[in-house]
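Residue numbers (the working numbering), protein chains in the order written: chain P, 246 to 583; chain F, 495 to 777. Encoded as structure tokens, the structure appears first; notes follow it.
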Amino acid sequence: MAAISLRNIIKRYGTGPKANQVIHGVSAEVADGEFVVIVGPSGCGKSTLLRMVAGLEEISDGEIAIGGRVVNDLEPAERDIAMVFQNYALYPHMSVFDNMAYGLKIARVPLPEIKQRVDKAASILELGPYLQRKPREMSGGQRQRVAMGRAIVRQPQVFLFDEPLSNLDAKLRVQTRLEIQKLHRELGITSLFVTHDQVEAMTLAQRMIVMNAGRMEQFGTPEEVYARPATTFVASFMGAPPMNLLKNGPNAALGGPSGALLGIRPEHLEITSDGWALQVETMEMLGAERLLYCRMGAEELIVRTHEGQAAPAVGSTIHVTPRVDRLHWFDTTTGHRL
Amino acid sequence: MVERSPKLDFLAHVILILGVVVIAFPLYVAIVASTHTAAEIFQSPMPMLPGPHLVQNYREALLGTGNAMGSNAPVARMMFVSLVMALTIAIGKIVISLLSAFAVVYFRFPFRMLCFWAIFVTLMLPVEVRVGPTYHVVASLGLINTFAGMTIPLIASATATFLFRQFFLTVPEELVEAARMDGAGPMRFFWDILVPLSSTSIAALFVIQFIYGWTQYLWPLIATTSDNMYPIVIGIRYMMAGGESLTPWNLVMATAMLAMIPPALVVILMQKWFVKGLVDTEK
Chain P
246 MAAISLRNII
256 KRYGTGPKAN
266 QVIHGVSAEV
276 ADGEFVVIVG
286 PSGCGKSTLL
296 RMVAGLEEIS
306 DGEIAIGGRV
316 VNDLEPAERD
326 IAMVFQNYAL
336 YPHMSVFDNM
346 AYGLKIARVP
356 LPEIKQRVDK
366 AASILELGPY
376 LQRKPREMSG
386 GQRQRVAMGR
396 AIVRQPQVFL
406 FDEPLSNLDA
416 KLRVQTRLEI
426 QKLHRELGIT
436 SLFVTHDQVE
446 AMTLAQRMIV
456 MNAGRMEQFG
466 TPEEVYARPA
476 TTFVASFMGA
486 PPMNLLKNGP
496 NAALGGPSGA
506 LLGIRPEHLE
516 ITSDGWALQV
526 ETMEMLGAER
536 LLYCRMGAEE
546 LIVRTHEGQA
556 APAVGSTIHV
566 TPRVDRLHWF
576 DTTTGHRL
Chain F
495 MVERSPKLDF
505 LAHVILILGV
515 VVIAFPLYVA
525 IVASTHTAAE
535 IFQSPMPMLP
545 GPHLVQNYRE
555 ALLGTGNAMG
565 SNAPVARMMF
575 VSLVMALTIA
585 IGKIVISLLS
595 AFAVVYFRFP
605 FRMLCFWAIF
615 VTLMLPVEVR
625 VGPTYHVVAS
635 LGLINTFAGM
645 TIPLIASATA
655 TFLFRQFFLT
665 VPEELVEAAR
675 MDGAGPMRFF
685 WDILVPLSST
695 SIAALFVIQF
705 IYGWTQYLWP
715 LIATTSDNMY
725 PIVIGIRYMM
735 AGGESLTPWN
745 LVMATAMLAM
755 IPPALVVILM
765 QKWFVKGLVD
775 TEK
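Laid out in structure tokens, this is it:
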């Protein structure tokens, strides 16, 4: 177990004037035993960041330290880390036992200890009956557990997860998510988890790094990121349906700076008898709630109501009042929170 | 066929039976001829049923006790030479191609693509094209009439390198990364992971290259002069040196049958491996 320190990490592809910089100075301190999720849309650089921590990508500038030790020049195997890949990356011709034991075999760990560690990991992950099977004889969820088992037996200081749930079907994803949480509670190993799914981020993270286009936009707990997003990107990325951002909202009436973007989440717009006049264009019935896609002048808004309330007809006009303790103001040019 | 009419079925069967007959009949004649004495074969019509001299003919051929005008060399020795040649060439080609494909796919070094294209260009240089210079080099090194001289010029294969390169390109990048995380260096990765994954390709190539080595004619013809270093295909030719009426056709046919057995065995045994490799789906 160890703390991870990212100090002004920069990643460039190519050299000289035509170099393409994809990560622009990310700095973060992950505490010992913390579960940090790196979340962002495709192409934002989250996997690249993880791979730099793993040692699979060169660090163009900046330092990464694990447990106080700068690891920039160390091979992945020397960094005392273990990684779980999106496509499991199991050795297809080896049994589950051999897959988990391979790293230990190379490190010349004595056989009795290998067996003991593998058996322990197998019992945590309920893989006991499958130890002699080959990966192709197992389902996706089981394979992912074998991949996690392979990481556990190394007893590393840090776990790295690269979108491990993306290849699983929806139900299995929820199940494996709970297993990962359980694992973290039991083993308490510092973990970095990359995902593009904000639900996974919200449920798994103790703190999360929200990335966009190579920049870290916010680093905070799920509550902070949801309730006090630092930029418009974070505001619209976290939460489904996304936060409403109004360019020409009634800022003055609500006590906000003029010319700023007004942000209000769909669940914080209450349907009242007076207030803003919205025209309902489409309605989505989700079971426990309804989403109303509305229009107020040139602005489009989403309103969330629960199924207990009366359903407005499509095309009708409704009135909503925003909760004044849930307003967010953002600078129009920089997108930063005001 | 989408339509199944009795007429088309019959036609298909007729064509297939004809094909089998055309291919199998000469084989049958050879088998029959190897079981009679030379005199019996020369009767016309030639006997169509196997005769009683099977063991005697094969023993004469294998031990070289006949007294014909052509070569009397023991076929047993020739089979041994052919076997050594075919095995050395097959195994040598596979080992060399595995290593060169590994280098080209997994490493970055200066002139990498140049090396790759140079290997590609050698596809245009089969033995027949380079026979003169190769003979000169082998003779200068004193390797005429040796196993080394017969096998080394044939031991590199561009086709095998290609096959392995294409296969290695399909191995997912994450497998390499997982191995790196586990602390496996390049050769460890090669030996523990890449080679076992390539086993189907290796089996297929072994069959092809074994048969290639077994049926080599031009190069051994030039590179050997003493009859205890002839491979069996050349031995057959020299047995017929005495002219048609003096050639012991029964022994020639027996030798031909012996020459066909090892490649047939290799194909039959290896088939089990390919099918197993094709049936197992991998992730």
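Note that beta-carbon positions come from the ideal geometry of N, C-alpha and C, so glycine has one too. Being a predicted model, the structure only gives us computed values, none of them experimental.
Let me know the secondary structure DSSP gives residue i once reduced to three states.
i	result
Cys289 (chain P)	coil
Lys492 (chain P)	coil
Pro567 (chain P)	strand
Met339 (chain P)	coil
Ser436 (chain P)	strand
Gln710 (chain F)	coil
Arg452 (chain P)	strand
Val354 (chain P)	coil
Leu507 (chain P)	strand
Gln524 (chain P)	strand
Gln537 (chain F)	coil
Thr628 (chain F)	helix
Ile549 (chain P)	Just to set this straight, residue 549 (chain P) is Arg in the shown sequence, not Ile. Strand, per DSSP.
Ile283 (chain P)	strand
Thr477 (chain P)	helix
Met618 (chain F)	helix
Met530 (chain P)	strand
Glu544 (chain P)	strand
Asn332 (chain P)	coil
Arg378 (chain P)	coil
Arg582 (chain P)	strand
Between the C-alpha atoms of residue i and residue j, what's the straight-line distance to the nearest angstrom?
i	j	result
Val284 (chain P)	Val439 (chain P)	6 Å
Pro604 (chain F)	Thr260 (chain P)	18 Å
Tyr258 (chain P)	Gly270 (chain P)	14 Å
Leu410 (chain P)	Leu294 (chain P)	18 Å
Leu319 (chain P)	Ala672 (chain F)	16 Å
Gln426 (chain P)	Leu449 (chain P)	7 Å
Gln660 (chain F)	Ser591 (chain F)	12 Å
Val598 (chain F)	Met607 (chain F)	8 Å
Ala753 (chain F)	Ser634 (chain F)	32 Å
Ala264 (chain P)	Gln389 (chain P)	37 Å
Met644 (chain F)	Pro546 (chain F)	38 Å
Leu523 (chain P)	Thr578 (chain P)	27 Å
Gly394 (chain P)	Val363 (chain P)	8 Å
Ala276 (chain P)	Met453 (chain P)	12 Å
Tyr629 (chain F)	Leu548 (chain F)	40 Å
Leu699 (chain F)	Ala652 (chain F)	12 Å
Arg399 (chain P)	Ala750 (chain F)	60 Å
Pro647 (chain F)	Ile585 (chain F)	14 Å
Ala247 (chain P)	Pro262 (chain P)	38 Å
Gly736 (chain F)	Pro337 (chain P)	59 Å
Thr775 (chain F)	Ala654 (chain F)	Reliability of the predicted coordinates at Thr775 (chain F) is poor, the pLDDT of 47 falling under 50, and the value obtained from them is presented with this limitation in mind. If I take the Cα positions, the gap works out to 23 Å.
Val480 (chain P)	Ile351 (chain P)	Reading the sequence as shown, one finds Ala at residue 480 (chain P) and not Val. Cα to Cα, the separation comes out at about 47 Å.
Arg549 (chain P)	Tyr538 (chain P)	9 Å
Let's see if you can read the secondary structure: which residues bound the beta strand (DSSP E) around residue i?
i	result
Phe464 (chain P)	Arg460 to Gly465
Asp318 (chain P)	Premise fails: Asp318 (chain P) is in no beta strand (DSSP E) and is neither H nor E.
Tyr258 (chain P)	Ile249 to Tyr258
Ser272 (chain P)	Asn265 to Val275
Tyr538 (chain P)	Glu534 to Met541
Glu308 (chain P)	Asp306 to Ile311
Trp574 (chain P)	His573 to Phe575
Met328 (chain P)	Ile326 to Val329
Leu514 (chain P)	Leu514 to Thr517
How far does the alpha helix (DSSP H) with residue i in it reach, from first residue to last?
i	result
Leu505 (chain F)	Pro500 to Ala527
Thr653 (chain F)	Ala652 to Leu663
Arg731 (chain F)	Ile726 to Met733
Leu669 (chain F)	Glu667 to Met675
Gly643 (chain F)	Phe641 to Thr645
Leu608 (chain F)	Arg606 to Val615
Please go through the stretch 393-434 of chain P and give each complete beta strand (DSSP E) segment of 3 or more residues, from N-terminal end onward. 403-407, all fully within the stretch 393-434 of chain P.
State whether the stretch 703-723 of chain F contacts the stretch 528-543 of chain F, with contact taken as three or more CB pairs (one from each stretch) at a distance under 8 Å. No, because fewer than three Cβ pairs between the stretch 703-723 of chain F and the stretch 528-543 of chain F fall closer than 8 Å, the two stretches do not touch.
Three CB pairs or more closer than 8 Å across the stretch 485-505 of chain P and the stretch 317-335 of chain P: Short answer: they don't touch.
Below 8 Å, how does it come out for the stretch 563-582 of chain P and the stretch 504-518 of chain P: are there three or more Cβ pairs, yes or no? With the cut-off at 8 Å, the stretch 563-582 of chain P and the stretch 504-518 of chain P touch.
Decide yes or no for the touch test of the stretch 333-349 of chain P against the stretch 663-683 of chain F: beta carbon pairs closer than 8 Å, at least 3 of them. Enough Cβ pairs lie closer than 8 Å, so yes.
Where in the stretch 555-600 of chain F do unbroken runs of the alpha helix (DSSP H), each at least 4 residues long, occur, reported from the N-terminal end onward? Counting only runs that start and end inside the stretch 555-600 of chain F, the alpha helix (DSSP H) elements of at least 4 residues fall at 569-600.
Counting beta carbon pairs with one atom in the stretch 527-543 of chain P and one in the stretch 554-565 of chain P, are three or more of them shorter than 8 Å? Taking 8 Å as the limit for Cβ pairs, the verdict is that the stretch 527-543 of chain P does touch the stretch 554-565 of chain P.
The stretch 616-626 of chain F in contact with the stretch 678-688 of chain F per 3-pair CB rule at 8 Å: By the Cβ criterion, the stretch 616-626 of chain F is not in contact with the stretch 678-688 of chain F, since fewer than three pairs of Cβ atoms, one from each stretch, lie closer than 8 Å.
Below 8 Å, how does it come out for the stretch 455-471 of chain P and the stretch 419-433 of chain P: are there three or more Cβ pairs, yes or no? At 8 Å Cβ cutoff, the stretches do not touch.
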